[in-house]
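K.L.:
I have a structure I would like to understand better, so I am pasting it below and will then ask my questions one at a time.
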Amino acid sequence: MFTAKSFGKWAVAGLAAATLVACGGGEKVEEQAKAETKAEVINWKMVTTWPKNFPGLGTGAEKLAKNITEMSGGRLNVKVYAAGELVPPLEVFDAVSRGTAEMGHGASYYWKGKAPAAQFFAAVPFGLTAQEINAWVSHGGGMALWEEVYAPFNLVPMAAGNTGVQMGGWFNKEINSINDFQGLKMRIPGLGGEVLKKVGGTPVNLPGGEIFTALQTGTIDATEWVGPYNDLAFGLYKAAKFYYYPGWHEPGTTLEAMVNKTAFEALPADLKLIVKAAGRQANQDMLDEFTALNNDALVTLVNDHNVQLKPFPKEVLAQLRTASDETLKEVAAGDEMSKKVYDSFMDFRSKVSKWHAVSERAYINARDAD
Ligand code: CA
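One point on numbering: in this note's numbering, the residue at position 63 of the sequence shown is 72, and numbering is uninterrupted.
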């Protein structure tokens, strides 16, 4: 309908066009264009679950914001807020959902209370590696499902970082059998936490910034965090001495960027593409950073801080795998959306695991054989 308001708009536009024609000169047209571009700067806030300047995760979010700002020539200006600066770390989802901030950076397993199916897009115990989850999200149907899970919250999700295989965690005692998890209070988020519960432990969900103190004061007995590069920066070796691998519970954790859907839809087409492309860049760049830096950090932990590096015993891993399979089935049985995501995820895991048996795994085994 042609309302008074829309008529007003048309009238102003018509007047501007008439002025341009009347001016005639190319310079004037350019000036006018510049003025219009300037007026179109969009300012976004990005809230994150990470402490300020936190290596890898926090800096990954900051790089993403900087890239969007620079790729758009400053038309979309994204300002980052560390955990607690604008909202507490575990309120990022709600803040972006209601539009307090246009963008957020975190990990989808933090939101299992809102949408249980969200957990499949961060980390699944004995699930997909970084390379595999990227393949599922980008070319295996994962992204369409992720968008479906977030749509009711008015959010658009993106993969925006990956840690690669994490470490199994920091313990104050040795883990020699599955019984050693009995009564263990451990900071371990998401599905890994559910598995811990199944083998007799108590999972605790704490944001990164609170882990060290909790472990040092004995509020928790053990913790997992990320891997050597991040764990060294946190000083976790000062609070526990046994460092276990592999991170069966987080084999390729995807970090996410979420965008308020209304804010995203309001962007012109090129800025939408820039936001998506910058997310894709951030996703790869973080994985590359962790892959490049983890081993040096591990050497420092072992050589300079006397950390005892230990593999989980084979039987322990086998029992954790059984508990994981049960846990995933239970999550799938909980609600329709979780079942849909679970089916897609498991089908992909089965196919990619067969392919990787004759490619990645076969090659790495051959390369590193004595
Ligand atoms: Ca972790």
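For glycine and all other residues, C-beta sits at the position ideal for the given N, C-alpha and C.
Taking Pro237 as part of the alpha helix (DSSP H), name the residues at either end of that continuous run.
P.N.:
From DSSP, the alpha helix (DSSP H) with Pro237 extends over 237-243.
K.L.:
Should Ile77 be labelled buried (16 or more other beta-carbon atoms within 10 Å of its own) or exposed?
P.N.:
buried
K.L.:
Measure the beta-carbon distance from Tyr119 to Thr58 and round it to whole angstroms, keeping in mind my assumption that it falls under 8 Å.
P.N.:
6 Å
K.L.:
Using a Cβ-Cβ cut-off of 7 Å (strictly less than) and excluding sequence neighbours within five positions of His365, which residues of its own chain qualify?
P.N.:
Cβ contact annotation for His365 (same chain, cutoff 7 Å, sequence separation greater than five): none.
K.L.:
Quick check: the Cα distance between Thr309 and Tyr252, rounded to an integer number of angstroms?
P.N.:
Each residue's Cα considered, the two are about 13 Å apart.
K.L.:
Just to confirm, are Leu99 and Pro216 a CB contact at a threshold of 8 Å?
P.N.:
yes
K.L.:
Among Glu49, Asn62, Met55, Gly69, whose alpha-carbon lies nearest the alpha-carbon of Glu298?
P.N.:
Gly69
K.L.:
On the premise that Asn181 lies in contact with Gly382, defined as a C-beta separation below 8 Å, what is that separation, rounded to the nearest angstrom?
P.N.:
Residue coverage of the chain in this structure runs from 10 to 379, which leaves residue 382 outside it and unanswerable.
K.L.:
Please report the distance separating the alpha-carbon of Arg84 from that of Val133.
P.N.:
37 Å
K.L.:
Quick one, are the C-beta atoms of Phe190 and Val208 less than 8 Å apart?
P.N.:
yes
K.L.:
May I ask you to list the residues that DSSP assigns as paired with Lys88?
P.N.:
Lys54
K.L.:
Going by C-alpha distance, which of Asn171, Leu154, Thr172 is nearest Val165?
P.N.:
With distances taken between Cα atoms, Val165 lies closest to Leu154.
K.L.:
Determine the closest residue to Tyr159 out of Ala110, Pro320, Glu265, with distance taken between C-alpha atoms.
P.N.:
Glu265
K.L.:
Excluding the 5 residues flanking Ala91 on each side, which residues of the same chain have their C-beta closer than 7 Å to its C-beta?
P.N.:
Leaving aside the five residues that flank Ala91 on each side, the residues in its chain whose CB is nearer than 7 Å to its CB run, in chain order, Thr57, Trp59, Pro60, Lys61, Gly67.
K.L.:
In terms of alpha-carbon separation, which member of Asp356, Arg370, Leu200 lies closest to Gly151?
P.N.:
Asp356
K.L.:
Quick one: does the C-beta of Thr262 sit closer than 7 Å to a heavy atom of ligand 1?
P.N.:
yes
K.L.:
Cβ of Val174 within 7 Å of any heavy atom in ligand 1?
P.N.:
Checking every heavy atom of ligand 1 against the Cβ of Val174, none is found closer than 7 Å.
K.L.:
Between the Cα of Met176 and the Cα atoms of Gln225, Lys363, Pro255, Pro161, which residue gives the shortest distance?
P.N.:
Pro255
K.L.:
Less than 8 Å between the beta carbons of Ala127 and Thr263, yes or no?
P.N.:
no
K.L.:
Going straight from the alpha carbon of His148 to that of Trp179, what length do you get?
P.N.:
35 Å
K.L.:
Let me confirm a value: Gly33 is counted as buried when at least 16 other C-beta atoms fall within 10 Å, else exposed. Which label applies?
P.N.:
The predicted position of Gly33 is uncertain, since its pLDDT is 47 and thus under 50; no value can be drawn from it.
K.L.:
Let me know if Tyr372 comes out buried or exposed under the rule of 16 or more other beta-carbons within 10 Å of its beta-carbon.
P.N.:
Around the beta carbon of Tyr372, a 10 Å sphere encloses fewer than 16 other beta carbons of the protein chains shown; the residue is thus reported as exposed.
K.L.:
Spatial neighbours of Ala375 within its chain, please: C-beta separation below 7 Å, excluding the five flanking residues on both sides.
P.N.:
none
K.L.:
Using CA coordinates, which residue listed in Glu369, Gln290, Val213, Gly244 is at the minimum distance from Ala231?
P.N.:
Val213
K.L.:
Quick test of your reading: Pro125 and Asp344, contact by CB under 8 Å. State the CB separation rounded to the nearest angstrom.
P.N.:
6 Å
K.L.:
Cβ-heavy atom distance between Val235 and ligand 1 below 7 Å?
P.N.:
Because some heavy atom of ligand 1 lies under 7 Å away, the Cβ of Val235 counts as near it: yes.
K.L.:
Measure the alpha-carbon distance for Ile184 versus His314 and round it to whole angstroms.
P.N.:
20 Å
K.L.:
Following the continuous alpha helix (DSSP H) through Glu157, name the residue where it begins and the one where it ends.
P.N.:
151-159
K.L.:
Could you give the DSSP three-state label for Glu259: helix, strand or coil?
P.N.:
DSSP places Glu259 in the coil class of the three-state scheme, outside both helix and strand.
K.L.:
Can you say whether Phe16 is buried or exposed, counting buried as having 16 or more other CB atoms within 10 angstroms of its CB?
P.N.:
Since pLDDT at Phe16 reaches only 37, below the 50 mark, its modelled position is unreliable, and the value read off the structure follows with that caveat. Exposed, by the Cβ-count rule.
K.L.:
Under the rule that 16 or more other beta-carbon atoms within 10 Å means buried, what is Ala275, buried or exposed?
P.N.:
exposed
K.L.:
So Ser81 packs on Leu280, CB below 8 Å; how close in whole Å?
P.N.:
So it is a contact: roughly 6 Å between Cβ atoms.
K.L.:
In terms of alpha-carbon separation, which member of Glu141, Asn292, Leu245, Trp257 lies closest to Leu200?
P.N.:
The option with the nearest alpha carbon to Leu200 is Trp257.
K.L.:
What's the gap between the Cα of Trp145 and the Cα of Ser359?
P.N.:
12 Å
K.L.:
Quick check: the Cα distance between Leu6 and Val361, rounded to an integer number of angstroms?
P.N.:
Residue 6 is absent from the model: the chain starts at 10 and stops at 379.
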